[in-house]
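S.K.: Protein chains in written order, with the working numbering: chain L, 149 to 377; chain X, 68 to 354.
Heads up, the beta-carbon is just placed ideally off N, CA and C, and yes, glycines get one too.
Before I ask anything, let me first share the structure, which is written out below as structure tokens.
Here it is in structure tokens:
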């Protein structure tokens, strides 16, 4: 018992010492996750709409993008963007993307493919009569989307969107492999410095759980709001 | 018929010669990363951040360690300012790809010089010679190395953790044979395996073991040293002799020349002893 207490104290002292390190890692993780979720959601919605309403060629192009993006493991996507796409961009424009940007793009590609499929599914799940009724009373395409389809579709999308957002947060840990100093890198650095591994990894588990559970709670809150419709 | 006066001809030749030499100098400058770095104003050094005492984040949350000091030493050689350096923290397996895709100018990350790697990158002269040793936990399955050897002789399976690396099995067998070798992705995971009892010992760099046993005598002990030595060098992208020569000059002078005190200070700071000072007179490296 005393041994446990002393090692706990030792760990807490170590966490305190590593506070700036861990905080800056947490900020980087948050930055990457938030930007990837926002970008992924925006593009996912657009691609989803294209899948439903686009012409044959557009639909096919988006379908290929979605299938390819969903069929490649996250880490492979990250490496592809960091090493291959980055190199092509440098050769074409001379602009060098930062590791962080590459990571955000890779995570956003993953999220956008998931969200595109969700959006397509949610819209197509609605009875055709909904948009036809909108047309019948003289609403424009935009009005039908925003006032009729979306409020209903969003209820379908939200639960899976929350899962996707959680996946993006989990995916940020892979960014350590392309030198982004995110939270898990900070954990590894702190653990290596103090030679306290197990406790620091346990701590990381706790922090990630709190973040992802927080997103889930936020999703539930939104769901409750949209269920009023 | 108009004839060219001598002074005009001379001026013409001078202009042409100047133009030629300027173009020549530009062409030469465009060919090496050295000039790119000097123009940029800082050098980009690839290193890790999770291995004490080589490269780690210290109590002030700054990158520190012997590799980091080598990076600073190269920055000082370039700009006479050791702060003109940007460190890219990378995993060990990103060392070569990041060099080849120009994400780093040079990598100093306890990189063992071997001929397989030398086919992909070019190594500088070595800046440290490392060996390996067996790290054993104080409250582990075996009281000491003798007990471990006895168990192996009895046919028991002994797990030894090691960092996934080129020739990792041979590395372990240099210290201890007839054991189950478990390779781990990160040095940290090797210590974790030892701490948690998943491995009965870990074969890591001698410098690491010495540092750990000194820091935590209650937790660890030395389980024997290996016999093989390996050289650590910095590495650069192949095909740039000018930049490689510069890096070599910087390191060589730090070990054998005027900048020796900087190198020696770093050495003493991380390995606890001062290396032998260079002798004047006949150059030691030609002995």
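For a contact meaning CB atoms closer than 7 angstroms, what does residue 157 of chain X contact in chain L?
M.R.: Taking the first residue of the second chain as 1, we reach residue 157 of chain X at position 90. Those are 327, listed as they occur along chain L.
S.K.: Mind reading off the beta-carbon distance from residue 327 of chain L to residue 156 of chain X? Whole number of angstroms is fine, and I expect it under 8 angstroms.
M.R.: The sequence position of residue 327 of chain L within the first chain is 179, counting from 1. The sequence position of residue 156 of chain X within the second chain is 89, counting from 1. Residue 327 of chain L to residue 156 of chain X, Cβ: 5 angstroms. Contact.
S.K.: Is residue 226 of chain X close to chain L? Criterion is C-beta to C-beta, closer than 8 angstroms.
M.R.: In the second chain, counting from the first residue as 1, residue 226 of chain X sits at position 159. Judged by the 8 angstroms Cβ criterion, residue 226 of chain X is not in contact with chain L.
S.K.: In chain L, which residues lie less than 9 angstroms from residue 263 of chain X when you measure between Cβ atoms?
M.R.: Counting from one through the second chain, the residue named residue 263 of chain X turns up at place 196. The contacting residues are 345 and 346.
S.K.: Give me whichever residues DSSP pairs with residue 228 of chain X in a beta bridge.
M.R.: Along the second chain, read from residue 1 onward, the residue named residue 228 of chain X stands at position 161. X/249 and X/269.
S.K.: Residues of chain L with a CB under 8 angstroms from the CB of residue 118 of chain X: which are they?
M.R.: The residue labelled residue 118 of chain X in the question sits at position 51 within the second chain. Near residue 118 of chain X (Cβ distances below 8 angstroms), the residues of chain L are 340.
S.K.: Figure out for me which residue from X/275, X/325, X/333 and X/289 has the closest Cα to the Cα of residue 350 of chain X.
M.R.: As a working mapping, residue 350 of chain X is identified with position 283 in the second chain. Closest option to residue 350 of chain X, Cα to Cα, is X/325.
S.K.: On the DSSP bridge list, what partners appear for residue 298 of chain X?
M.R.: Residue mapping note: residue 298 of chain X aligns to position 231 of the second chain, counting from 1. Paired residues: X/196.
S.K.: Look at the alpha carbon of residue 238 of chain X and the alpha carbon of residue 270 of chain X, and state the distance between them as a whole number of angstroms.
M.R.: Taking the second chain and counting its residues from 1, one reaches residue 238 of chain X at position 171. Taking the second chain and counting its residues from 1, one reaches residue 270 of chain X at position 203. Taking the straight line from one Cα to the other gives about 8 angstroms.
S.K.: If you measure between the beta carbons of residue 161 of chain X and residue 110 of chain X, is that distance less than 8 angstroms?
M.R.: For the purposes of this step, residue 161 of chain X is taken as residue 94 along the second chain, with counting starting at 1. For the purposes of this step, residue 110 of chain X is taken as residue 43 along the second chain, with counting starting at 1. Going by C-beta atoms, residue 161 of chain X is not nearer than 8 angstroms to residue 110 of chain X.
S.K.: Going straight from the alpha carbon of residue 118 of chain X to that of residue 278 of chain X, what length do you get?
M.R.: To locate residue 118 of chain X, count along the second chain from 1; it is residue 51. To locate residue 278 of chain X, count along the second chain from 1; it is residue 211. So the alpha carbons of these two residues sit roughly 11 angstroms apart.
S.K.: Check whether the Cβ atoms of residue 263 of chain L and residue 309 of chain L lie closer than 8 angstroms to each other.
M.R.: Stepping through the first chain from its first residue, residue 263 of chain L is reached at position 115. Stepping through the first chain from its first residue, residue 309 of chain L is reached at position 161. A contact, by the Cβ cut-off of 8 angstroms.
S.K.: Using a Cβ-Cβ distance under 8 angstroms, would residue 177 of chain X count as near chain L?
M.R.: Position 110 of the second chain holds residue 177 of chain X. So, not an interface residue.
S.K.: By a C-beta neighbour count over all protein chains shown, 10 Å radius and 16 as the cutoff for buried, is residue 284 of chain X buried or exposed?
M.R.: For this step, residue 284 of chain X is matched to residue 217 along the second chain. Classification of residue 284 of chain X: exposed, given that the 10 Å Cβ count is below 16.
S.K.: Would you decide whether residue 216 of chain L is buried or exposed? Buried here means 16 or more other CB atoms lie within 10 Å of its CB.
M.R.: If you number the first chain from 1, residue 216 of chain L lands on position 68. Classification for residue 216 of chain L: exposed.
S.K.: Pull up the distance between the alpha-carbon of residue 172 of chain L and that of residue 215 of chain X, whole angstroms please.
M.R.: Walking along the first chain from the start, residue 172 of chain L turns up at place 24. Walking along the second chain from the start, residue 215 of chain X turns up at place 148. Going from the Cα of residue 172 of chain L to the Cα of residue 215 of chain X covers about 43 angstroms.
S.K.: For the region 208-242 of chain L, which residues have a CB atom closer than 7 angstroms to at least one CB atom of chain X, in sequence order?
M.R.: Cβ contacts with chain X come from 231 and 235.
S.K.: Please check if any C-beta of chain X sits within less than 8 angstroms of the C-beta of residue 168 of chain L.
M.R.: Within the first chain, numbered from 1, the residue matching residue 168 of chain L stands at position 20. Yes - at least one Cβ of chain X is within 8 angstroms of the one on residue 168 of chain L.
S.K.: Using only alpha-carbon positions, find the residue among L/265, L/297 and L/209 that is nearest to residue 188 of chain L.
M.R.: Numbered from its first residue, the first chain carries residue 188 of chain L at position 40. Of L/265, L/297 and L/209, the residue nearest in Cα terms is L/265.
S.K.: State buried or exposed for residue 284 of chain L, treating a residue as buried only when at least 16 other CB atoms are found within 10 Å of its CB.
M.R.: The sequence position of residue 284 of chain L within the first chain is 136, counting from 1. Residue 284 of chain L is exposed by the Cβ-count criterion.
S.K.: May I have the straight-line CA-CA distance separating residue 191 of chain L from residue 188 of chain X, to the nearest angstrom?
M.R.: Counting from one through the first chain, the residue named residue 191 of chain L turns up at place 43. Counting from one through the second chain, the residue named residue 188 of chain X turns up at place 121. Those two C-alpha atoms are separated by around 40 angstroms.
S.K.: What residues in its chain sit with their C-beta under 8 angstroms from that of residue 307 of chain L, if we drop five residues either side in the sequence?
M.R.: Counting from 1 along the first chain, the entry for residue 307 of chain L is found at position 159. Closer than 8 angstroms at Cβ, skipping near neighbours: 367 and 371.
S.K.: Let me make sure I understand the geometry here. Which of L/281, L/374, L/354 and L/155 has the alpha-carbon closest to that of residue 298 of chain L?
M.R.: Stepping through the first chain from its first residue, residue 298 of chain L is reached at position 150. If we check each option's Cα against that of residue 298 of chain L, L/374 comes out closest.
S.K.: Since residue 320 of chain L and residue 180 of chain L are thought to touch, with beta carbons under 8 angstroms apart, how far apart are those beta carbons, to the nearest angstrom?
M.R.: Here residue 320 of chain L corresponds to residue number 172 of the first chain, with the count starting at 1. Here residue 180 of chain L corresponds to residue number 32 of the first chain, with the count starting at 1. Contact holds; Cβ gap of about 5 angstroms.
S.K.: Using only alpha-carbon positions, find the residue among L/314, L/203 and L/333 that is nearest to residue 323 of chain L.
M.R.: Stepping through the first chain from its first residue, residue 323 of chain L is reached at position 175. Per the Cα distances, L/333.
S.K.: Looking at the secondary structure, which residues open and close the alpha helix (DSSP H) in which residue 239 of chain X lies?
M.R.: By one-based count along the second chain, residue 239 of chain X stands at place 172. Where residue 239 of chain X is concerned, the enclosing alpha helix (DSSP H) stretches over 235-242.
S.K.: Using a Cβ-Cβ cutoff of 7 angstroms, what residues of the region 292-319 of chain X are near chain L? List them in chain order.
M.R.: Result list empty, no residue passes.
S.K.: Would the beta-carbon of residue 220 of chain X fall within 8 angstroms of that of residue 249 of chain X?
M.R.: Taking the second chain and counting its residues from 1, one reaches residue 220 of chain X at position 153. Taking the second chain and counting its residues from 1, one reaches residue 249 of chain X at position 182. In this structure, residue 249 of chain X does not lie closer than 8 angstroms to residue 220 of chain X by Cβ.
S.K.: Which partner residues does residue 288 of chain X have in the DSSP bridge list?
M.R.: Here residue 288 of chain X is taken as the residue at index 221 of the second chain, counted from 1. The partner list for residue 288 of chain X (beta bridge, DSSP) reads X/203.
S.K.: If you follow the alpha helix (DSSP H) that residue 337 of chain L is part of, which residue opens it and which one closes it?
M.R.: Translated into the one-based positions of the first chain, residue 337 of chain L becomes position 189. Counting along the chain, the alpha helix (DSSP H) containing residue 337 of chain L begins and ends at 331-342.
S.K.: Just verifying my parser: in three-state terms, what is the DSSP assignment at residue 91 of chain X?
M.R.: Indexing the second chain from 1 puts residue 91 of chain X at position 24. Bear in mind that the predicted position of residue 91 of chain X carries a pLDDT of just 49, short of 50, making it unreliable; the figure below should be weighed with that in mind. Three-state DSSP puts residue 91 of chain X in a helix.
S.K.: Relative to the C-alpha of residue 362 of chain L, which candidate in L/349, L/325 and L/313 has its C-alpha closest?
M.R.: Against the first chain, residue 362 of chain L aligns to sequence position 214. Answer by Cα proximity: L/313.
S.K.: Helix, strand or coil: how does DSSP classify residue 112 of chain X here?
M.R.: Here residue 112 of chain X corresponds to residue number 45 of the second chain, with the count starting at 1. Strand.
S.K.: Report the residue ranges of all alpha helix (DSSP H) runs contained in full by the region 199-259 of chain L; include only those spanning at least 4 residues, in chain order.
M.R.: Counting only runs of 4 or more, we get 204-219, 222-227 and 234-241.
S.K.: For the ligand COA, any of its heavy atoms closer than 7 angstroms to the Cβ of residue 254 of chain X?
M.R.: With respect to the ligand COA, the structure offers nothing, as it holds no ligand at all.
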